[in-house]
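Residue numbers (the numbering used here), protein chains in the order written: chain A, 1 to 208; chain B, 1 to 208.
We put the CB at the ideal spot given by N, CA and C, even for glycine.
Since the model is a prediction, treat every value here as computed from it, not as a measurement.
Here's the structure, in structure tokens; my notes come after.
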DNA sequence: AACGAGGGTGAGCAAGCGCTTAGATCCGGT
DNA sequence: ACCGGATCTAAGCGCTTGCTCACCCTCGTT
């Protein structure tokens with residue numbers, strides 16, 4: 001178990017960086033709606049309604065429905081990448097850093113699976129420029145995980161025949177948690193994180 | 001390597017079971033469109049256009065757009081389950097059967113990733129009864145994989161602390177191949193299948 | 001007291017949606 | 001030669017969509 005209790009600071013609220021307050025309410029409503037029904041099946045009226053506002057209010061804070069998705073996707077990817085980097089930049093052995101990365105990354109995808117579902121599975125609904133921007137962030141996530149595995153192999157901690165293939169598999173495994181994870185299910189985010197960290201260590205052939 | 005060569009029989013053509021020919025053309029067009037843009041972003045006019053027909057022609061062969069998705073989903077899930085069961089019902093050791101299952105399941109998800117993407121990720125667009133029917137098929141896929149792992153543990157071949165969690169992870173890993181796999185990418189479906197079979201054997205602690 | 005800027009609304013526009021209908025065309029059976 | 005069913009189309013109906021516009025309300029400032 002790692003340090004998880006903390007004083008409620010400035011940016012601990014999930015969408016604390018989004019202001020003003022009405023814009024945040026709209027964004028939170030959009031995340032819920034997109035996660036439940038998908039971007040294309042969600043109407044701007046539905047989003048505004050969930051936020052307790054008229055349909056026109058949405059366009060005071062966002063130019064288009066697509067801009068809303070982009071904001072969600074951007075903030076979510078930034079957060080995901082930050083989580084991976086925090087673990088990767090530790091100074092323990094590669095096995096420990098990889099386990100940390102998977103554990104916290106998976107925990108985030110489980111705990112905030114509504115957000116993660118939108119962030120990870122609605123990429124294609126973005127316009128070309130916005131999509132390109134997000135794809136670049138994903139490349140950095142990939143590079144971060146790959147680096148840990150590379151270092152583990154170099155240090156003789158891991159035994160991995162195909163580093164880039166294994167990297168893709170590890171990220172895919174973690175991301176897909178947001179698709180099947182259910183808050184009403186048997187497992188807590190912490191439990192899934194622990195299970196997945198163990199599975200990934202096995203995948204890279206780390207000795208226990 | 002398992003038996004995979006067979007004489008081109010009645011049902012080897014991907015959508016051979018769909019008749020008449022115009023209905024099949026529409027269904028194939030729908031698979032492509034749904035995979036590219038998602039169910040909700042696809043219009044009936046687009047589907048009919050890809051099949052070289054007028055929008056109204058669709059409704060001669062299918063009652064609604066949702067019925068098209070259901071037909072695709074049903075046939076796809078049947079095929080996926082059949083693949084898993086063929087491997088699970090083998091008579092070798094559990095490790096071999098698990099590797100076979102993952103290899104062929106992954107190969108299908110890579111080779112036919114357009115179909116698989118629709119089948120695996122557009123479940124929520126189905127109506128309640130159709131969704132329930134498909135969910136039941138997924139439960140059977142889960143049970144099939146779990147059985148192999150259970151038997152491997154019982155035989156002392158595997159070392160798995162959490163069988164149901166590992167089952168979910170294995171299936172999730174395989175299914176997500178259809179999301180990221182790209183025909184233009186570096187890897188062939190066979191290569192991904194082999195890589196994933198190896199990774200999964202590691203996940204269950206099979207001695208090599 | 002008057003102001004102006006920003007946040008909000010009700011009504012509604014143009015476009016596109018899933019789907020229907022009336023009628024044309026094809027074609028094997030008698 | 002004629003029929004009847006199956007297949008397909010042109011046109012379009014009723015509705016919803018993303019988004020806009022003219023207007024109103026609430027304030028801190030002067």
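Give the straight-line distance between the Cα atoms of residue i and residue j, rounded to the nearest whole angstrom.
{"i": "residue 157 of chain A", "j": "residue 149 of chain A", "result": "9 Å"}
{"i": "residue 133 of chain B", "j": "residue 126 of chain B", "result": "10 Å"}
{"i": "residue 89 of chain B", "j": "residue 175 of chain B", "result": "21 Å"}
{"i": "residue 39 of chain A", "j": "residue 37 of chain B", "result": "11 Å"}
{"i": "residue 53 of chain A", "j": "residue 24 of chain A", "result": "12 Å"}
{"i": "residue 201 of chain B", "j": "residue 109 of chain B", "result": "19 Å"}
{"i": "residue 76 of chain A", "j": "residue 105 of chain B", "result": "31 Å"}
{"i": "residue 50 of chain A", "j": "residue 33 of chain A", "result": "8 Å"}
{"i": "residue 154 of chain B", "j": "residue 161 of chain B", "result": "12 Å"}
{"i": "residue 79 of chain B", "j": "residue 87 of chain B", "result": "13 Å"}
{"i": "residue 122 of chain B", "j": "residue 144 of chain A", "result": "30 Å"}
{"i": "residue 101 of chain A", "j": "residue 204 of chain A", "result": "14 Å"}
{"i": "residue 59 of chain B", "j": "residue 115 of chain B", "result": "22 Å"}
{"i": "residue 18 of chain A", "j": "residue 66 of chain A", "result": "16 Å"}
{"i": "residue 93 of chain B", "j": "residue 196 of chain B", "result": "18 Å"}
{"i": "residue 184 of chain A", "j": "residue 26 of chain A", "result": "26 Å"}
{"i": "residue 138 of chain B", "j": "residue 186 of chain A", "result": "18 Å"}
{"i": "residue 180 of chain A", "j": "residue 120 of chain A", "result": "13 Å"}
{"i": "residue 84 of chain B", "j": "residue 140 of chain B", "result": "10 Å"}
{"i": "residue 74 of chain B", "j": "residue 103 of chain A", "result": "35 Å"}
{"i": "residue 91 of chain A", "j": "residue 159 of chain A", "result": "20 Å"}
{"i": "residue 128 of chain A", "j": "residue 182 of chain B", "result": "18 Å"}
{"i": "residue 124 of chain A", "j": "residue 20 of chain A", "result": "28 Å"}
{"i": "residue 46 of chain A", "j": "residue 135 of chain B", "result": "27 Å"}
Is residue i helix, strand or coil when you go by DSSP?
{"i": "residue 126 of chain A", "result": "coil"}
{"i": "residue 161 of chain B", "result": "coil"}
{"i": "residue 4 of chain A", "result": "With a pLDDT of 49 at residue 4 of chain A, under the threshold of 50, the modelled position of that residue is not reliable, and no figure is offered here."}
{"i": "residue 219 of chain A", "result": "Here chain A has residues from 1 to 208 only, and residue 219 of chain A is not among them."}
{"i": "residue 189 of chain A", "result": "helix"}
{"i": "residue 203 of chain B", "result": "helix"}
{"i": "residue 55 of chain A", "result": "helix"}
{"i": "residue 114 of chain A", "result": "helix"}
{"i": "residue 39 of chain B", "result": "coil"}
{"i": "residue 44 of chain B", "result": "helix"}
{"i": "residue 9 of chain B", "result": "Only weak support exists for where residue 9 of chain B lies, its pLDDT of 49 falling under 50; the value from the coordinates is given anyway. Correct three-state label for residue 9 of chain B: coil."}
With a Cβ-Cβ cutoff of 8 Å, do residue i and residue j count as a contact?
{"i": "residue 95 of chain B", "j": "residue 169 of chain B", "result": "no"}
{"i": "residue 167 of chain A", "j": "residue 198 of chain A", "result": "no"}
{"i": "residue 68 of chain A", "j": "residue 152 of chain A", "result": "no"}
{"i": "residue 72 of chain B", "j": "residue 31 of chain B", "result": "yes"}
{"i": "residue 172 of chain A", "j": "residue 146 of chain A", "result": "no"}
{"i": "residue 193 of chain A", "j": "residue 107 of chain A", "result": "yes"}
{"i": "residue 178 of chain A", "j": "residue 113 of chain A", "result": "yes"}
{"i": "residue 57 of chain A", "j": "residue 48 of chain A", "result": "yes"}
{"i": "residue 118 of chain A", "j": "residue 35 of chain A", "result": "yes"}
{"i": "residue 55 of chain A", "j": "residue 44 of chain A", "result": "yes"}
{"i": "residue 22 of chain B", "j": "residue 61 of chain B", "result": "yes"}
{"i": "residue 189 of chain A", "j": "residue 82 of chain A", "result": "no"}
Would the beta-carbon of residue i be found less than 7 Å away from any heavy atom of the ligand GDP?
{"i": "residue 48 of chain B", "result": "This structure lacks the ligand GDP; in fact it carries no ligand of any kind."}
What residue ranges within the stretch 59-109 of chain A form continuous alpha helix (DSSP H) runs of no fewer than 4 residues, ordered along the chain? Taking 4 residues as the shortest admissible run, the stretch 59-109 of chain A contains the following complete alpha helix (DSSP H) segments, listed from N- to C-terminal end: 65-88.
Contact set between the stretch 150-178 of chain A and chain B, restricted to residues whose Cβ is under 8 Å from the partner: Those residues of the stretch 150-178 of chain A that come within reach of chain B (Cβ to Cβ, closer than 8 Å) are 161, 162, 165, 166, 168, 169, 172, 173, 175, 176, 177.
Quick one: complete alpha helix (DSSP H) runs, 4+ long, within the stretch 129-184 of chain B? Whole alpha helix (DSSP H) segments, 4+ residues: 163-175, 177-180.
Residues of the stretch 185-201 of chain B whose Cβ lies closer than 9 Å to any Cβ of chain A, in chain order: If the cut-off is 9 Å between Cβ atoms, the stretch 185-201 of chain B has 186, 187, 191, 192, 195, 196, 198, 199, 200 near chain A.
Listed in chain order, which residues of the stretch 106-128 of chain B have Cβ atoms closer than 8 Å to some Cβ of chain A? Those residues of the stretch 106-128 of chain B placed with their C-beta closer than 8 Å to a C-beta in chain A are 121, 124, 125, ordered along the chain.
Below 9 Å between beta carbons is the criterion; list the residues of the stretch 64-82 of chain B that meet it against any residue of chain A, in chain order. Answer in chain order: no residues at all.
Interface positions of the stretch 38-62 of chain B facing chain A (Cβ-Cβ less than 7 Å), listed along the chain: Look at the stretch 38-62 of chain B: the residues with a C-beta under 7 Å from a C-beta of chain A are 38, 40, 41.
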